[in-house]
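Asker: Handing you this structure, nothing more for now.
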Amino acid sequence: MVASEPTSVLESDGLRLVEEATPQQVEPGCRILLVEDEPVHVTLVKRAFHKERPQDTVVACTSVATTLEQIEQEHFDAMVVDYSLPDATGISLLEEVRCRELDLPVIMVTGHGDEATAVQAMKSGAADYIVKTENYARTLPLVVHKAIGTSRLHRQLAAAETRYRLLFEQAQDAIGIIDDNLRFLDVNPKCAELSDYTRAELLEMSVFSLLRPEAIEGAKRLFEQLKRNGTLRIPECKMVQKQGGEIFVEISAAALDRGTYQFIARDVTEEKHLQQELFEMQKMDSIGKLASGIAHDFNNLLGAILGYASLLKSELSPEQPLYEYVNIVESSAQRGADLTRQLLAFGRRGKHQMQSVNLNRVVEEVSQLLSHTIDKRIEIVTHCAESLATVEGDAGQLQQVLLNICLNARDAMSDGGTLIMETRNVVLDEAFVRTHAGAQLGHHVLLSVTDNGTGIDADTQQHIFEPFFTTKEKGKGTGLGLAMVYGIVRSHGGLIRVYSELGHGTTFLVYLPASDRPEVVKQPSRAESRGGTEAILVVDDETAIRNLLNDVLTCAGYRVFKAAHGVQAMRVVEQEKDIELVVLDMIMPEMDGKETYERLRARRPEVRVLFSSGFSRHNLTQEILRHPRTDFIQKPYVVHELLTAVRRMLDQQQ
Numbered sequence: 137m138v139a140s141e142p143t144s145v146l147e148s149d150g151l152r153l154v155e156e157a158t159p160q161q162v163e164p165g166c167r168i169l170l171v172e173d174e175p176v177h178v179t180l181v182k183r184a185f186h187k188e189r190p191q192d193t194v195v196a197c198t199s200v201a202t203t204l205e206q207i208e209q210e211h212f213d214a215m216v217v218d219y220s221l222p223d224a225t226g227i228s229l230l231e232e233v234r235c236r237e238l239d240l241p242v243i244m245v246t247g248h249g250d251e252a253t254a255v256q257a258m259k260s261g262a263a264d265y266i267v268k269t270e271n272y273a274r275t276l277p278l279v280v281h282k283a284i285g286t287s288r289l290h291r292q293l294a295a296a297e298t299r300y301r302l303l304f305e306q307a308q309d310a311i312g313i314i315d316d317n318l319r320f321l322d323v324n325p326k327c328a329e330l331s332d333y334t335r336a337e338l339l340e341m342s343v344f345s346l347l348r349p350e351a352i353e354g355a356k357r358l359f360e361q362l363k364r365n366g367t368l369r370i371p372e373c374k375m376v377q378k379q380g381g382e383i384f385v386e387i388s389a390a391a392l393d394r395g396t397y398q399f400i401a402r403d404v405t406e407e408k409h410l411q412q413e414l415f416e417m418q419k420m421d422s423i424g425k426l427a428s429g430i431a432h433d434f435n436n437l438l439g440a441i442l443g444y445a446s447l448l449k450s451e452l453s454p455e456q457p458l459y460e461y462v463n464i465v466e467s468s469a470q471r472g473a474d475l476t477r478q479l480l481a482f483g484r485r486g487k488h489q490m491q492s493v494n495l496n497r498v499v500e501e502v503s504q505l506l507s508h509t510i511d512k513r514i515e516i517v518t519h520c521a522e523s524l525a526t527v528e529g530d531a532g533q534l535q536q537v538l539l540n541i542c543l544n545a546r547d548a549m550s551d552g553g554t555l556i557m558e559t560r561n562v563v564l565d566e567a568f569v570r571t572h573a574g575a576q577l578g579h580h581v582l583l584s585v586t587d588n589g590t591g592i593d594a595d596t597q598q599h600i601f602e603p604f605f606t607t608k609e610k611g612k613g614t615g616l617g618l619a620m621v622y623g624i625v626r627s628h629g630g631l632i633r634v635y636s637e638l639g640h641g642t643t644f645l646v647y648l649p650a651s652d653r654p655e656v657v658k659q660p661s662r663a664e665s666r667g668g669t670e671a672i673l674v675v676d677d678e679t680a681i682r683n684l685l686n687d688v689l690t691c692a693g694y695r696v697f698k699a700a701h702g703v704q705a706m707r708v709v710e711q712e713k714d715i716e717l718v719v720l721d722m723i724m725p726e727m728d729g730k731e732t733y734e735r736l737r738a739r740r741p742e743v744r745v746l747f748s749s750g751f752s753r754h755n756l757t758q759e760i761l762r763h764p765r766t767d768f769i770q771k772p773y774v775v776h777e778l779l780t781a782v783r784r785m786l787d788q789q790q
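Under our numbering, the sequence shown has 371 at position 235, and the numbering climbs by one with no breaks.
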């Protein structure tokens, strides 16, 4: 039989193999095992191979028994077997080769016209057969090397398919094959894992089973697009899991052949949630900036009201009718100041006295306070870690954080329950940071507050930290408590998360960066608010604030000069050489407080500067505050605090 030279294309996992059964493709030096009991035919075959393929080696055996011994001891690339052998038939030898799982192409040599034997040989695993005619030996090398080439291509294809199957089975993305009806033909383990179905279950289902009913029509349109274009990418799609849960997947699909299609689905649920968290953070930052700007301007107005109310009270006796009116004005203005402080805290512009704080002490203080004030049906439980790391923060602000969260928990347990406060040291790793926007790597202190109250629905959780958002009845809440908590935590470089489910309680988690500094217990201030006679320059663009400071300081005995901006302030300093202190607003037109301070320090380095702002000390550049003749006071002013700060600075040694 003269072998034909068919060509076929095999593709698998990007591997392209072109099969052309020609002797030139086979590497030189093949070893051929010839099983033939007639010496004449052995000689003919060896002579043919020597002529066509002199580099090949032909080894002859005369029986099945010797052949089996030979293939156990040596390697051969192909075997030529005569059907008629002294101890058995060639078919028997084929079956022995197959039982031993030898990857060895076998060419069966049959008698003339014995097609039935040839068919039986092919069924038994022969790679090819050739009829023993007069010139069969001449064509035998071509037939043998065609079989060797085909066998090697099959091995390469099998190896490629094994690699593909390995990638398919071990891929971290879901991979599947579907037909024209979108029914699954094959899926990998990750596909089963993401869907929560078994592989067997998925093979009885279609893609529609993993979609919400309202998404099916859209899926059909996308599938038509895939059939037209051959490829398809869906950046985001919801997959419905077996138990009804939903995950987000990114899908890439491509047409294969014969009406089949392959898809790769990557789980992007964590990315989606992280994007949402980043969006929420950006939204909260924008709201915070707006709130801070409003609060800053409002503070200037309140500062004038509170300051003049205090001055007016000092001129009245408690028995006079106007005294009570002034009290009402002062009280109302103070409530307004409290609101602005909460807005500033939300916008991370609030007043902070940073030091090393032990959160166990904060938990202890809040626990004692709550034990005397909340419903006795609420059990308070604390779990404070030993050897807890300190955090850098404002103890008062952190106490306010914990207190506000606990009061929120109290309101969720109107019929009583359990309130648990816990502290512990934790380490935030890369996996945590990747899935929690705003988180930082490293050692942190975790403060958690858990209640078993009514819980919070998912929609409310989306807005819980926004200012003025409240679920309480009108008049029973400002909506600033948790907004302030959020702002304080963020201003301390921390992270806050809430986990809740209706009817199953709520847990707030606050992560704050750990410090290696020991706890600082702040001693009470002994500063006095007495007056003096020194010269003081007041620099503020708000007329009411300038006039207030002028009146307060003048009443205390000081000589006061005023300037509405930095340029005017520099002119006054040049003219009045005896000025010892400048009360300097940070935010002004023309020349702001920082630039004014730098020019002032260059001209008059001995002059003390008391910075003033509706924002906090935390927002000033640390380079300025490291200078020994500087300090800070936050608006709105309380008269005795202002006088105390002024006196303290003037009493500093040069």
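Every residue, glycine too, gets a C-beta built ideally from N, C-alpha and C. Note that this is a predicted model, so its numbers are computed, not measured.
(1) If you draw a straight line from the alpha carbon of residue 295 to that of residue 166, how long is it in whole angstroms?
(2) Mapping the DSSP letters down to three states, classify residue 334 as helix, strand or coil.
(3) Consult DSSP for residue 190 and reduce its assignment to one of helix, strand or coil.
(4) Here's the rule: buried if 16 or more other CB atoms are within 10 angstroms of the residue's CB, otherwise exposed. What is residue 255?
(5) Taking residue 632 as the reference, give the member of 638, 641, 621 with the closest Cα.
(6) Indicate whether residue 717 and residue 740 have their beta-carbon atoms separated by less than 7 Å.
(7) Using the rule of at least 16 other Cβ atoms within 10 Å of the residue's Cβ for burial, across every protein chain shown, is residue 552 buried or exposed?
(8) Is the beta carbon of residue 771 sitting closer than 7 Å to the one on residue 435?
(9) Using alpha carbons as the reference points, say which of 558, 512, 302 lies closest to residue 546.
(10) Using three-state DSSP, classify residue 781 as helix, strand or coil.
(11) Below 8 Å on the Cβ atoms is my contact criterion, and I expect residue 88 with residue 213 to pass it. Report the Cβ-Cβ distance as a whole number of Å.
(12) For residue 642, count neighbouring C-beta atoms within 10 Å of its own C-beta (all shown protein chains included) and say buried if the count is 16 or more, exposed if not.
(13) Relative to the C-alpha of residue 525, which candidate in 277, 583, 695, 369 has its C-alpha closest?
(14) To which residues of the same chain is residue 661 closer than 7 Å at the C-beta, ignoring the five residues directly before and after it?
(15) Does the distance from the CB of residue 245 to the CB of residue 223 come in under 7 Å?
(16) Under the three-state reduction of DSSP, which class applies to residue 185: helix, strand or coil?
(17) Could you pull out every residue in the same chain whose Cβ sits closer than 6 Å to the Cβ of residue 676, ignoring the five residues on either side in sequence?
(18) According to DSSP, is residue 404 part of a helix, a strand, or is it coil?
(19) Using CA coordinates, which residue listed in 263, 637, 321, 648 is at the minimum distance from residue 624?
(20) What's the call for residue 364, buried or exposed, on a 16-neighbour Cβ count within 10 Å?
(21) Ends of the beta strand (DSSP E) at residue 121?
(22) Counting along the chain, where does the beta strand (DSSP E) carrying residue 647 start and finish?
(23) Which residues in the same chain as residue 341 place their Cβ atom closer than 8 Å to its Cβ, once the five residues preceding and following it in sequence are excluded?
(24) Distance, Cα to Cα, residue 375 vs residue 368?
(25) For a test of the three-state rule: what should DSSP assign to residue 580, helix, strand or coil?
(26) Could you give the uninterrupted runs of the alpha helix (DSSP H) lying entirely in the region 219–258, keeping only those of 4 residues or more?
(27) Roughly how many whole angstroms lie between the Cα atoms of residue 692 and residue 668?
(28) Of all the options 706, 438, 314, which has the alpha carbon lying nearest to the alpha carbon of residue 732?
(29) Beta-carbon within less than 7 Å of residue 611's beta-carbon, same chain only, minus the 5 sequence neighbours each way: which residues are those?
(30) Under the DSSP definition of a beta bridge, which residues are partnered with residue 561?
(31) How would you label residue 366, buried or exposed, when you count the other beta carbons within 10 angstroms and need 16 or more for buried?
(32) Please name the residue in 713, 220, 774, 747 whose C-alpha comes closest to that of residue 799.
(33) According to DSSP, is residue 308 part of a helix, a strand, or is it coil?
(34) Can you list, in chain order, the stretches of the beta strand (DSSP E) that have 3 or more residues and sit fully within the region 279–324?
(35) Based on Cα-Cα distance, which residue from 240, 715, 450 lies nearest to residue 776?
(36) How many angstroms separate the CA atom of residue 355 from the CA atom of residue 311?
Answerer: Reading from the atomic positions:
(1) Indexing the sequence shown from 1 puts residue 295 at position 159. Indexing the sequence shown from 1 puts residue 166 at position 30. Taking the straight line joining both Cα atoms gives about 21 Å.
(2) For the purposes of this step, residue 334 is identified with residue 198 of the sequence shown, where counting begins at 1. Correct three-state label for residue 334: coil.
(3) For the purposes of this step, residue 190 is identified with residue 54 of the sequence shown, where counting begins at 1. Coil, per DSSP.
(4) Here the question's residue 255 lines up with position 119 in the sequence shown. Counting Cβ neighbours within 10 Å, residue 255 comes out exposed, since fewer than 16 surround it.
(5) If you number the sequence shown from 1, residue 632 lands on position 496. Closest by alpha carbon: 621.
(6) On the sequence shown, position 581 is the one that residue 717 refers to. On the sequence shown, position 604 is the one that residue 740 refers to. Not in contact: residue 717 and residue 740 (Cβ atoms no closer than 7 Å).
(7) Looking up residue 552 in the sequence shown gives position 416. That one is exposed.
(8) As a position in the sequence shown, residue 771 is number 635, starting the count at 1. As a position in the sequence shown, residue 435 is number 299, starting the count at 1. Yes. Within cutoff.
(9) Here residue 546 refers to the residue found at position 410 when the sequence shown is read from its first residue. Considering only alpha carbons, the answer is 512.
(10) Sequence index remark: in the sequence shown, residue 781 carries index 645 (1-based). Secondary structure at residue 781: helix, using DSSP grouped into helix, strand and coil.
(11) The chain is shown from 137 up to 790; residue 88 falls before or after that span and cannot be answered.
(12) As a first step, residue 642 is located in the sequence shown; it is residue number 506 there, counting from the start. Classification for residue 642: buried.
(13) Counting from 1 along the sequence shown, the entry for residue 525 is found at position 389. The shortest Cα separation from residue 525 among 277, 583, 695, 369 belongs to 583.
(14) Taking the sequence shown and counting its residues from 1, the one referred to as residue 661 is at position 525. In this prediction, residue 661 has a pLDDT of 47, which is less than 50 and means its spatial position is unreliable; nothing more can be read from the coordinates.
(15) As a first step, residue 245 is located in the sequence shown; it is residue number 109 there, counting from the start. As a first step, residue 223 is located in the sequence shown; it is residue number 87 there, counting from the start. Result no, Cβ atoms of residue 245 and residue 223 do not sit closer than 7 Å.
(16) Indexing the sequence shown from 1 puts residue 185 at position 49. Helix.
(17) Taking the first residue of the sequence shown as position 1, residue 676 is located at position 540. Cβ neighbours of residue 676 beyond the five flanking positions: 682, 721.
(18) Counting from one through the sequence shown, the residue named residue 404 turns up at place 268. Coil, per DSSP.
(19) One-based indexing of the sequence shown puts residue 624 at position 488. Closest by alpha carbon: 648.
(20) For this step, residue 364 is matched to residue 228 along the sequence shown. So residue 364 ends up on the exposed side.
(21) This structure gives no information on residue 121, because the portion of the chain shown stretches from 137 to 790.
(22) As a working note, residue 647 is residue 511 in the sequence shown. Looking at the DSSP string, the run of the beta strand (DSSP E) that includes residue 647 is 642–651.
(23) The count along the sequence shown starts at 1 and reaches residue 341 at position 205. Contacts found: 319, 320, 333.
(24) Looking up residue 375 in the sequence shown gives position 239. Looking up residue 368 in the sequence shown gives position 232. Each residue's Cα considered, the two are about 17 Å apart.
(25) Taking the first residue of the sequence shown as 1, we reach residue 580 at position 444. Of the three classes helix, strand and coil, the one that applies to residue 580 here is strand, per DSSP.
(26) 226–235
(27) To locate residue 692, count along the sequence shown from 1; it is residue 556. To locate residue 668, count along the sequence shown from 1; it is residue 532. The alpha-carbon atoms of residue 692 and residue 668 are separated by roughly 6 Å.
(28) Here residue 732 refers to the residue found at position 596 when the sequence shown is read from its first residue. Measuring from the Cα of residue 732, the nearest candidate turns out to be 706.
(29) In the sequence shown, residue 611 corresponds to position 475, counting from 1. Confidence is the limiting factor: at residue 611 the pLDDT is only 45, short of 50, which leaves the residue's position unreliable, though a coordinate-based value still follows. Closer than 7 Å at Cβ, skipping near neighbours: no residue.
(30) For the purposes of this step, residue 561 is taken as the residue at position 425 of the sequence shown. Per DSSP, 581.
(31) Within the sequence shown, the letter at position 230 stands for residue 366. Residue 366 comes out exposed.
(32) Lying before the first or after the last residue shown, residue 799 is absent from the chain, which here runs from 137 to 790.
(33) Counting from 1 along the sequence shown, the entry for residue 308 is found at position 172. DSSP places residue 308 in coil when its eight states are reduced to three.
(34) 310–314, 320–323
(35) Translated into positions along the sequence shown, residue 776 becomes position 640. For residue 776, the closest of 240, 715, 450 by C-alpha to C-alpha distance is 450.
(36) Mapped onto the sequence shown, residue 355 falls at position 219. Mapped onto the sequence shown, residue 311 falls at position 175. Going by the C-alpha atoms only, they are around 18 Å apart.
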